[in-house]
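Per my numbering: the sequence shown = residues 29 to 344.
For each residue, glycine too, the CB sits at the ideal point set by N, CA and C.
From a predicted model like this one, the values you see are computed outputs, not experimental measurements.
Step one of this worksheet: look at the structure below.
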Amino acid sequence: MQKPDVPAILSLLVSLFSISLMSLLFGRKTSGTNMTNINYARGLVISLYIVSWGFTTIAAVLTSTNYGNITSCTLSIFVCLSLYAMSKIIIYLFLIEKVYVVSSVTTLRRDTTLYRVNILLLTPYTIILVLMILNRVAVLDVNDQCFIGLKPLASITLILYDIFISSWLTILFIRPLMSTTSVLQGPSKGKLRQVARRTLIGSIVALILSSANVFTLVYFKGYEDSVLCLLSCTLDVTLNACAVHWVTSRARGSAPTDKGSRGQQHTPGTGVHGHGGGHGGMGYNNYTHPATSTEKHMIPMSTDTHISVTVESYTE
Numbered sequence: 029m030q031k032p033d034v035p036a037i038l039s040l041l042v043s044l045f046s047i048s049l050m051s052l053l054f055g056r057k058t059s060g061t062n063m064t065n066i067n068y069a070r071g072l073v074i075s076l077y078i079v080s081w082g083f084t085t086i087a088a089v090l091t092s093t094n095y096g097n098i099t100s101c102t103l104s105i106f107v108c109l110s111l112y113a114m115s116k117i118i119i120y121l122f123l124i125e126k127v128y129v130v131s132s133v134t135t136l137r138r139d140t141t142l143y144r145v146n147i148l149l150l151t152p153y154t155i156i157l158v159l160m161i162l163n164r165v166a167v168l169d170v171n172d173q174c175f176i177g178l179k180p181l182a183s184i185t186l187i188l189y190d191i192f193i194s195s196w197l198t199i200l201f202i203r204p205l206m207s208t209t210s211v212l213q214g215p216s217k218g219k220l221r222q223v224a225r226r227t228l229i230g231s232i233v234a235l236i237l238s239s240a241n242v243f244t245l246v247y248f249k250g251y252e253d254s255v256l257c258l259l260s261c262t263l264d265v266t267l268n269a270c271a272v273h274w275v276t277s278r279a280r281g282s283a284p285t286d287k288g289s290r291g292q293q294h295t296p297g298t299g300v301h302g303h304g305g306g307h308g309g310m311g312y313n314n315y316t317h318p319a320t321s322t323e324k325h326m327i328p329m330s331t332d333t334h335i336s337v338t339v340e341s342y343t344e
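Following this line, the structure appears as structure tokens:
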């Protein structure tokens, strides 16, 4: 029986920490949320937590069982190719959605050329995934040590695509921040600029992590110790999930839109009593009940208000 080595122990500890962290982030994001009313962006974030949790859990099991076990060794590469690739697709979809929010939020997605182009740019990933499956490596050496990876054709194609799509999305966040005529400019667009800046940092983190992970695979020429491969992939998906959680969390010290301004309207002369009571005609005492969902739907919404409400739905 083989004694556990240091990389295996480290990989298991990282996996256990990642499992706990993903559970915590999932609980934070879904606490007090009606699961039937989750919007598209938050659904992507929650899906990322679930996929990352699944990957780290399976990686922990495979790390402890792949010594001298070709079945576990083969499953290791398939887990990396499937769940890891799925997490990357979710991250790219999330970044594309954020590009839409900071650039064309007043236009429907299907009517936004940039949004459709970005979705189209994701389609090559399916071809790359097939290429990775066909060029996978999963072998046991003479010492029964498991080695997994990708042949150069698949690994080089993957790294070039990851660098391209991550760089492209990063540029799309830099452009509106630098432009003086973009939707981000103006005194009322502070929250939108904050979303753009945070997501820009998140896209840069995704680019660095993806590049480092695939460069490691290329460095080992497609034959990487499965323990190290699973460890690096676990760190990749965990740090990406943390970055996305930070991007979608409200900045410290910021507060939601003033509830008082939305929950009450001060209209002089309405005769509705407020907290002061008894002064029917006094405007500062007038208080109207919060608008119902039907009334809110009927109230015309300006472009600035629409952007503000959309940004609020993307943060905790």
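8 Å CB neighbourhood of residue i in its chain, flanking five on each side removed
i	result
Gly82	Leu111
Val233	Leu267, Asn268, Ala271
Leu149	Ile193, Trp196
Ile191	Leu235, Ser238, Ser239
Local conformation of residue i per DSSP, three classes
i	result
Ile176	strand
Val255	helix
Leu136	coil
Val129	helix
Val170	coil
Beta-carbon proximity list for residue i, same chain, < 6 Å, skipping 5 on both sides
i	result
Thr93	Ser100
Leu197	Leu123, Ser231
Tyr143	Tyr128, Arg137
Ile275	For the record, residue 275 in the displayed sequence is Val; it is not Ile. Here the set comprises Arg226, Thr227, Gly230.
His273	Leu53
Pro22	No statement about residue 22 is possible, as the shown extent of the chain runs from 29 to 344 and does not include it.
Ile50	Ile is not the amino acid found at residue 50; the sequence shown has Met there. Only Tyr77, Ser80, Trp81 meet the Cβ criterion.
Gly96	Asp172
Val265	Ser80, Phe83, Ser115
Leu38	none
Chain-order list of residues whose beta-carbon lies under 7 Å from that of residue i (same chain, five-residue window excluded)
i	result
Leu263	Val42
Leu40	Ala88, Thr91, Ser92
Thr58	Ile74
Gly250	Val165, Gly177, Leu178, Lys179, Pro180, Ser183
Met160	Leu109, Leu178, Ala182, Leu186
Ile156	Thr185, Leu186, Tyr189
Nearest-angstrom Cα separation, counted from residue j out to residue i
i	j	result
Arg98	Lys116	Per the sequence shown, residue 98 should be read as Ile rather than Arg. Each residue's Cα considered, the two are about 27 Å apart.
Leu237	Thr61	31 Å
Ser183	Thr244	10 Å
Cys108	Arg56	27 Å
Tyr9	Ile47	Residue 9 lies beyond the range of the chain shown here (29 to 344); nothing can be said about it.
Leu200	Ile147	14 Å
Ser131	Ser194	17 Å
Gly305	Arg203	Because the pLDDT of Gly305 is 44, which lies under 50, any placement of that residue in the model is unreliable, and the question is left without a value.
Thr154	Asp253	26 Å
Asp33	Thr140	53 Å
Leu168	Cys270	34 Å
Pro152	Tyr120	13 Å
Tyr247	Cys261	15 Å
Cys174	Ile105	10 Å
Asn171	Met114	32 Å
Ile86	Gln222	36 Å
Ser277	Ser239	25 Å
Leu44	Pro35	14 Å
Asn241	Thr102	20 Å
Val189	Val145	What sits at residue 189 in the sequence shown is Tyr, not Val. If you take the alpha carbons of Tyr189 and Val145, they lie about 15 Å apart.
Leu162	Ile118	23 Å
Val158	Leu235	22 Å
Chain B within 8 Å of residue i, Cβ atoms only
i	result
Ile155	This model lacks chain B altogether, as it is built from one protein chain only.
Meets three-Cβ-pair contact criterion under 8 Å: the segment 69-81 and the segment 240-257: Contact between the segment 69-81 and the segment 240-257 is absent, because fewer than three Cβ pairs lie under 8 Å.
Three CB pairs or more closer than 8 Å across the segment 122-138 and the segment 56-67: Too few Cβ pairs lie closer than 8 Å, so no.
Within the segment 29-96, ranges of the alpha helix (DSSP H) (whole runs, at least 4 residues): 34-58, 68-91
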